[in-house]
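K.L.:
Just so we're on the same page, our numbering is the position in the sequence shown counted from 1, plus 112.
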Amino acid sequence: MKLNKYFDHTLLKPDATTAQILAICDEAIQYDFASVCVNSCNVETVAQRLAGTDVKTCAVVGFPLGACTTSSKVFETEEAIRAGASEIDMVINVGRMKEADYDYVSADITAVTACCHSLGAITKVIIETCLLTKEEIVKVCQLAKSAGADFVKTSTGFSTAGASAEDVALMKKTVGPSVLVKASGGIRNLETTRQMIAAGADRIGASASAAIMQESFQE
113 MKLNKYFDHT LLKPDATTAQ ILAICDEAIQ YDFASVCVNS CNVETVAQRL
163 AGTDVKTCAV VGFPLGACTT SSKVFETEEA IRAGASEIDM VINVGRMKEA
213 DYDYVSADIT AVTACCHSLG AITKVIIETC LLTKEEIVKV CQLAKSAGAD
263 FVKTSTGFST AGASAEDVAL MKKTVGPSVL VKASGGIRNL ETTRQMIAAG
313 ADRIGASASA AIMQESFQE
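As structure tokens, this is what we get:
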């Protein structure tokens, strides 16, 4: 796969303006990225800008804490898809995962995944690796796989740390070939991008996607 198609070009800052959202859409079209990833309030704007291109519209749900109710995540998911999103990046309930309430975590993921699949979208499950032990990373990846999720994703980029190649490799080993892995958080240069891909990442979430592509052109 070409490097550009690994990237979900991302702008999730709370102060992001419509002009900035449109600008990253234009960059995504220029480089033919995989998707543009935004907060759900910006989905309609992005979907309209990307109409007729090969770039997908991606929305985050329950972002960045994952601590809202399952029903609110499902509602946000449905609204985002109806507004034009074809990919949904949902945040798990990390607190419930830490206390080993696996039934809750599984039901949360399953509900959003079922909503996505019923409306023709894919689900990426953000597990927030920096807050989990290695054992918890393995367990939540197993839960996401059992729930039918399409991807497991490392991080929101809003917590204590982002992606690491070690965690990406562990996630990929756990889910196997049937579930994809997205590395996200702190990926700002070509070297780190390549490390994540080598570790097993199928998708890269980054706000520096355009700069990374420019770096690749200079080689």
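The beta carbon of each residue, even a glycine, is placed where N, CA and C say it ideally should be. Since the model is a prediction, treat every value here as computed from it, not as a measurement.
How about A261 and V237: do their beta carbons lie closer than 8 angstroms?
P.N.:
yes
K.L.:
Hey, quick one: how far does the beta strand (DSSP E) through G317 stretch, first residue to last?
P.N.:
First-last of the beta strand (DSSP E) with G317: R315 to A318.
K.L.:
The alpha helix (DSSP H) spanning D279 covers which residue range?
P.N.:
A277 to V287
K.L.:
Considering only residues of the region 145-185, which uninterrupted beta strand (DSSP E) runs meet the minimum length of 3 residues and lie entirely inside it, listed in chain order?
P.N.:
147-151 and 168-173
K.L.:
Whole angstroms is fine: what's the gap from T157's alpha carbon to T129's?
P.N.:
Cα to Cα, the separation comes out at about 11 angstroms.
K.L.:
By alpha-carbon positions, which one of A313, F263 and T165 ends up nearest to A281?
P.N.:
A313
K.L.:
From K210 to I193, what distance separates their C-alpha atoms?
P.N.:
30 angstroms
K.L.:
Any idea what DSSP makes of V237, helix, strand or coil?
P.N.:
strand
K.L.:
Can you give me the start and stop residues for the alpha helix (DSSP H) that S328 sits inside?
P.N.:
S321 to F329
K.L.:
Quick one: residues in its chain with C-beta nearer than 7 angstroms to the C-beta of V264, no 5 flanking neighbours on either side, listed in chain order?
P.N.:
V237, I239, C253, A256, M283, V287, V291 and V293
K.L.:
Within 10 angstroms of the Cβ of N116, are there 16 or more other Cβ atoms? Answer buried if so, exposed if not.
P.N.:
So N116 counts as buried.
K.L.:
Output yes or no for whether 8 angstroms exceeds the beta carbon distance between I141 and L162.
P.N.:
yes
K.L.:
How many Å lie between C170 and N151 at the Cα?
P.N.:
9 angstroms
K.L.:
How about the region 168-184 and the region 200-216: do they share at least three Cβ pairs that are nearer than 8 angstroms?
P.N.:
yes
K.L.:
Out of T165, C180 and T189, which one is the CA nearest neighbour of A233?
P.N.:
Residue nearest to A233 within the set T165, C180 and T189 is T189 (criterion: CA-CA distance).
K.L.:
Using only the alpha-carbon positions, how far apart do T259 and Q330 sit?
P.N.:
The identity of residue 259 in the sequence shown is Ala, whereas the question assumes Thr. Their Cα atoms are separated by approximately 42 angstroms.
K.L.:
Can you check whether the CB of C227 is closer than 8 angstroms to the CB of V167?
P.N.:
no
K.L.:
From the DSSP output, in three-state form, read off M209 for me.
P.N.:
helix
K.L.:
Helix, strand or coil for I299? Go by DSSP, reduced to three states.
P.N.:
Correct three-state label for I299: coil.
K.L.:
Kindly indicate the opening and closing residues of the alpha helix (DSSP H) around I249.
P.N.:
Counted as a single uninterrupted DSSP element, the alpha helix (DSSP H) harbouring I249 occupies residues K246 to S258.
K.L.:
Compare the C-beta of C170 against all C-beta atoms of chain B and say whether one is closer than 8 angstroms.
P.N.:
Among the protein chains of the structure shown there is no chain B, as only one such chain exists.
K.L.:
If you drop the 5 nearest sequence neighbours on each side, which residues of the same chain put their C-beta closer than 6 angstroms to that of L231?
P.N.:
I193
K.L.:
Report the rounded CA-to-CA distance for A212 versus A179, giving the unit in angstroms.
P.N.:
15 angstroms
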